[in-house]
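Beneath this line is the structure, given in structure tokens, with notes to follow.
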Amino acid sequence: MAFIDEATISLQAGKGGNGCSSFRREKFIPFGGPDGGNGGDGGDIYFEVDPNLNTLGKFRFQRQFQAQSGESGMGRQMYGAAGEDLVIKVPPGTTVRDVMSNEVIVDLVEPGVRYCIAKGGIGGKGNICFKSSTNRAPRQTTQGELGQSFSVKLELKLLADIGLVGLPNAGKSSLLAMMSSARPKIANYPFTTIEPNLGVVDLGENMSVVIADIPGLIEGASLGVGLGLDFLKHISRCKVLLHLVDGSSMADVPPVKAIEQILNELKAYDETLLEKKRLLVFNKLDIADQSVQQQFPDAIWISAAAGTGKKELIQHMVRALQNNEF
Numbered sequence: 343m344a345f346i347d348e349a350t351i352s353l354q355a356g357k358g359g360n361g362c363s364s365f366r367r368e369k370f371i372p373f374g375g376p377d378g379g380n381g382g383d384g385g386d387i388y389f390e391v392d393p394n395l396n397t398l399g400k401f402r403f404q405r406q407f408q409a410q411s412g413e414s415g416m417g418r419q420m421y422g423a424a425g426e427d428l429v430i431k432v433p434p435g436t437t438v439r440d441v442m443s444n445e446v447i448v449d450l451v452e453p454g455v456r457y458c459i460a461k462g463g464i465g466g467k468g469n470i471c472f473k474s475s476t477n478r479a480p481r482q483t484t485q486g487e488l489g490q491s492f493s494v495k496l497e498l499k500l501l502a503d504i505g506l507v508g509l510p511n512a513g514k515s516s517l518l519a520m521m522s523s524a525r526p527k528i529a530n531y532p533f534t535t536i537e538p539n540l541g542v543v544d545l546g547e548n549m550s551v552v553i554a555d556i557p558g559l560i561e562g563a564s565l566g567v568g569l570g571l572d573f574l575k576h577i578s579r580c581k582v583l584l585h586l587v588d589g590s591s592m593a594d595v596p597p598v599k600a601i602e603q604i605l606n607e608l609k610a611y612d613e614t615l616l617e618k619k620r621l622l623v624f625n626k627l628d629i630a631d632q633s634v635q636q637q638f639p640d641a642i643w644i645s646a647a648a649g650t651g652k653k654e655l656i657q658h659m660v661r662a663l664q665n666n667e668f
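In our numbering, the protein residues as written are 343 to 668.
Structure representation (structure tokens):
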């Protein structure tokens, strides 16, 4: 299934059932009083965080959701049954916005959390509720209220410990494949990765982290150029950024410029991204440009294709995450 990180859906909570107009009719009681029951309340709509989901793909084909309406009241003071609540499951990291105001309603992060997004209508009153000393045989009832109805926009921001950023062809997918069991598409041309990939990296000592491979950013990504604007938002939840740079002698973009481009795009999108802990990692050590190695002596060097430098990189990742209260 394709990765879907945005969806707009319509919600309609259940309508309340109508109140009943009824009178007691039994043998030897020809003029019994009112006994019409109230209608049942309409069903509510809830969002629930399901840790087994990682995409909004199911909303691609279903965009309208309606909870069950309450049943009408009946005679003998019988209340109508309440409408069944509707639970919509979403992946962790889902933000819910009101379409009209664009305001955030709720940010759903923790697995198992359930949030009532739309309340069902209250059931109408039966005629028994209107009996009084001056009106002993009321026929008055009320209709059930309509449930809340509106549209919301769902936005998924991936929950990952480390966000993998860099220009196209820096080798991010190869690095993710080297570090985890993830198998993203890898090829020698830009934008091989056109959707985020997640990989779980075993750090030892019962510790593991999730790495998100964000599709390659290019100059102007923060303005919507290339694939950047759609996926920059996924970086915001990451604790650490792993900035991967092509350090080979055949790099399409000189390392200094490549670093500046990514930092400029992060700053343009959200300045707070530059406050995150950042690991500067150069790839393609096996065909590295020696002048670049001399220029960045404190950087981490690896070869994702050859599997070189994995242990050292894991050590740096552990330290970076521990400094972020991992």
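Every residue, glycine too, gets a C-beta built ideally from N, C-alpha and C.
Judged by pairs of C-beta atoms under 8 Å, the region 403 to 414 touches the region 458 to 467, as three or more such pairs exist. Shown here, Gly399 sits in a helix according to DSSP, grouped into three states. By the Cβ neighbour-count rule, Lys626 is buried, with 16 or more other Cβ atoms within 10 Å of its own.
Taking a contact as a CB-CB distance under 8 Å, the pair Leu574 and Ala554 does not count as one, their CB atoms being some 12 Å apart. Per DSSP, the continuous alpha helix (DSSP H) segment holding Glu602 begins and ends at 597 to 611.
Take Val582, set aside five residues on each side of it, and the residues of its chain with a beta-carbon closer than 8 Å to its own are Asp503, Ile504, Gly505, Lys618, Lys619, Arg620, Leu621, Met659, Ala662, Leu663, Asn666, in chain order. Beta-bridge pairing by DSSP links Asn625 to Asp588. CA-to-CA, the gap between Gln408 and Ala593 works out to about 54 Å.
By the beta-carbon neighbour count (other beta carbons within 10 angstroms, threshold 16), Asn469 is buried. Contact annotation: Lys499 and His585 have beta-carbon atoms that are not nearer than 7 Å. The alpha-carbon separation between Ser591 and Ala630 amounts to approximately 6 Å. By the neighbour-count criterion, in which a residue is buried when 16 or more other Cβ atoms sit within 10 angstroms of its Cβ, Thr476 is exposed. Looking at the DSSP output, Ile371 shares a beta bridge with Glu368. Nearest Cα to Leu608 within the set Val543, Val587, Leu545, Gly508: Gly508. Residue Gln657 holds the alpha-carbon nearest to the alpha-carbon of Ser550 among Asp588, Glu613, Gln657, Cys458. The closest CA to that of Ile459, considering only Glu613, Val391, Ser578, Thr650, is found on Val391. In this chain, the alpha helix (DSSP H) harbouring Met521 covers 514 to 521. Taking each of Pro597, Pro510, Glu497 in turn and checking the Cα distance to Asp347, the smallest one comes out for Glu497. Looking at Lys461, Glu368, Ile351, the one whose alpha-carbon comes closest to that of Phe403 is Ile351. With respect to the 7 Å criterion, Ser578 and Arg481 are not classified as neighbours on the basis of their beta carbons. For Asn665, the enclosing alpha helix (DSSP H) covers residues 652 to 665. Taking 7 Å as the cut-off, the beta carbon of Ala349 is found no closer than this to the beta carbon of Phe389.
With a 10 Å radius around the Cβ and a threshold of 16 neighbouring Cβ atoms, Ile371 comes out exposed.
Remark: C-beta atoms of Ala424 and Ile387 do not approach each other more closely than 7 Å. Listed as beta-bridge partners of Gly541 by DSSP are Ile553. When secondary structure is reduced to three states using DSSP, Phe407 falls in the strand class.
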